[in-house]
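Start counting the sequence shown at 2; every next residue gets the next number (the numbering used here). Think of the CB as a built atom: it goes at the ideal place given N, C-alpha and C, for glycine as much as any other residue. Remember, predicted model here, so these are calculated numbers, not experimental data.
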Amino acid sequence: MEIATNFWRAKTLAAAVELGIFTLLARTGPLSSAEIAHEAGIKMRPADMFLASCAALGLLVEKDGEYGNSATAAQFLVEGRPDYFGGFVRFCDAREYPAWGRLVEALRTDRPMTWDPATQDSPFAREDRVMTEMFWEALHVAATYTARGLADTYDFGAHHRLLDVGGGSGAFLIELCRGNPALRGTLYELDHVCADAAARIVDAGLANQIDTVAGDFIADPALPEGFDVILISGVLHNWDPATNCALIRKSYNALRAGGALLVCELMLDSRRAGPADAALMGLNMVIETTAGKNYSETEYREWVAACGFEGIEIRRLDGPGANAVLVARRL
Numbered sequence: 002m003e004i005a006t007n008f009w010r011a012k013t014l015a016a017a018v019e020l021g022i023f024t025l026l027a028r029t030g031p032l033s034s035a036e037i038a039h040e041a042g043i044k045m046r047p048a049d050m051f052l053a054s055c056a057a058l059g060l061l062v063e064k065d066g067e068y069g070n071s072a073t074a075a076q077f078l079v080e081g082r083p084d085y086f087g088g089f090v091r092f093c094d095a096r097e098y099p100a101w102g103r104l105v106e107a108l109r110t111d112r113p114m115t116w117d118p119a120t121q122d123s124p125f126a127r128e129d130r131v132m133t134e135m136f137w138e139a140l141h142v143a144a145t146y147t148a149r150g151l152a153d154t155y156d157f158g159a160h161h162r163l164l165d166v167g168g169g170s171g172a173f174l175i176e177l178c179r180g181n182p183a184l185r186g187t188l189y190e191l192d193h194v195c196a197d198a199a200a201r202i203v204d205a206g207l208a209n210q211i212d213t214v215a216g217d218f219i220a221d222p223a224l225p226e227g228f229d230v231i232l233i234s235g236v237l238h239n240w241d242p243a244t245n246c247a248l249i250r251k252s253y254n255a256l257r258a259g260g261a262l263l264v265c266e267l268m269l270d271s272r273r274a275g276p277a278d279a280a281l282m283g284l285n286m287v288i289e290t291t292a293g294k295n296y297s298e299t300e301y302r303e304w305v306a307a308c309g310f311e312g313i314e315i316r317r318l319d320g321p322g323a324n325a326v327l328v329a330r331r332l
């Protein structure tokens, strides 16, 4: 029953974000259901049940007939606040939810449901600018929290130059360089992605510490060189094993001797039977990609070893975009 109705919870959250309920209550303080209904432009009968559901889910707190934000909502769901997660919620509701309604079609055809390979080179192209901006905003939020988890797991203090391959919005570099003032970071991404990331880097006040290099890590024969640590986070699950091994080999060649490769992913266990978030993200790759899937720790170990890396270890990581980081060295 719970699995069958989990979408009730997701859609309740998405509706509250779309209606601006949490941002409203942050501005006004607690309001009655009638006041919220008026401000949000919704009818009273559904508003009563909607607000009760938000309270039951821990999103709102009811006291003396009025509703206010819970501590979680106040931190993560108020637009404009540093930890705002609403962009990710909007993205999932607008892009992922309709596409997952076509899961059986995706399983039968082995084709992505969120974009058309006949008209786009990849899901990261810019044909739909609105959806692209929503995509990178959502990933920036998730990557920021994952980067904080990585910083708790791996010490960058001994490194000087970090290359983030396919680093999207620059969230990892912003978090890691902010916490390590001596570290210099380079984002290696598609040209239009670099342009968007550069604006975020400037806004973060880190333009003197982080630069961008436009490129295509699949098509380009080599990565920029001279780095003592290379990060590949949330990238490899988008591609097939041959493409991943080619990128890992390029990373090996780009690293200085003694340098480290870090691969952050939601990794499956060796039996490929869990954990659930990794398995379901893998299923999402059926919806989103032509060749991607989530891989096991064993597969990642085999790939990096085959490319010449040594000292391979897996460290646990607490973040929405990864449950582990593989650390390997070029000796």
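query                                                                                                              : result
Cβ-based burial, Pro276 [other Cβ within 10 Å; buried from 16]                                                     : exposed
Exposure label - Ala1; buried when at least 16 CB within 10 Å                                                      : In the structure displayed, the chain extends from 2 to 332; residue 1 sits before or after that span and is not available.
Distance, Glu97 Cα to Met132 Cα                                                                                    : 11 Å
Unbroken alpha helix (DSSP H) run spanning Ile4, endpoints                                                         : Where Ile4 is concerned, there is no enclosing alpha helix (DSSP H), given that its DSSP letter is neither H nor E.
Contiguous alpha helix (DSSP H) assignments of at least 4 residues, all confined to the stretch 104 to 170         : 104 to 110, 130 to 154
Residue ranges of each beta strand (DSSP E) within the stretch 241 to 275, 3 or longer                             : 256 to 266
Residue closest to Arg103, alpha-carbon to alpha-carbon, out of Leu284, Leu318, Leu327                             : Leu284
As assigned by DSSP and simplified to three states, the class of Ala324                                            : For the sequence presented, residue 324 should be read as Asn rather than Ala. DSSP places Asn324 in strand when its eight states are reduced to three.
Proximity winner among Ala144, Phe218, Leu151, Phe136, relative to Val166 (alpha-carbon distances)                 : Phe218
With 16 other Cβ atoms within 10 Å as the buried cut-off, status of Ile4                                           : exposed
Contact the stretch 310 to 324 vs the stretch 150 to 162: 3+ CB pairs below 8 Å                                    : yes
Element boundaries [alpha helix (DSSP H), containing Gly30]                                                        : Counting along the chain, Gly30 falls outside any alpha helix (DSSP H), and DSSP gives it neither H nor E.
Close-in-space but distant-in-sequence residues of the same chain around Phe310 (CB under 7 Å, 5 per side omitted) : Tyr253, Leu262, Ala329, Arg330, Arg331
Three-pair Cβ contact test at 8 Å for the stretch 166 to 181 versus the stretch 107 to 116                         : no
Residues near Gly186 in its chain [Cβ-Cβ closer than 6 Å; skip 5 each side]                                        : Leu163, Leu174, Cys178, Ile211
Identity of the residue in Ala172, Gly180, Ala95, Ala280 nearest Glu190 by Cα                                      : Ala172
Sequence-distant residues of its chain with Cβ nearer than 6 Å to Val287 (five each side left out)                 : Ala107
Assigned secondary structure, Arg331 (DSSP; H/G/I helix, E/B strand, else coil)                                    : coil
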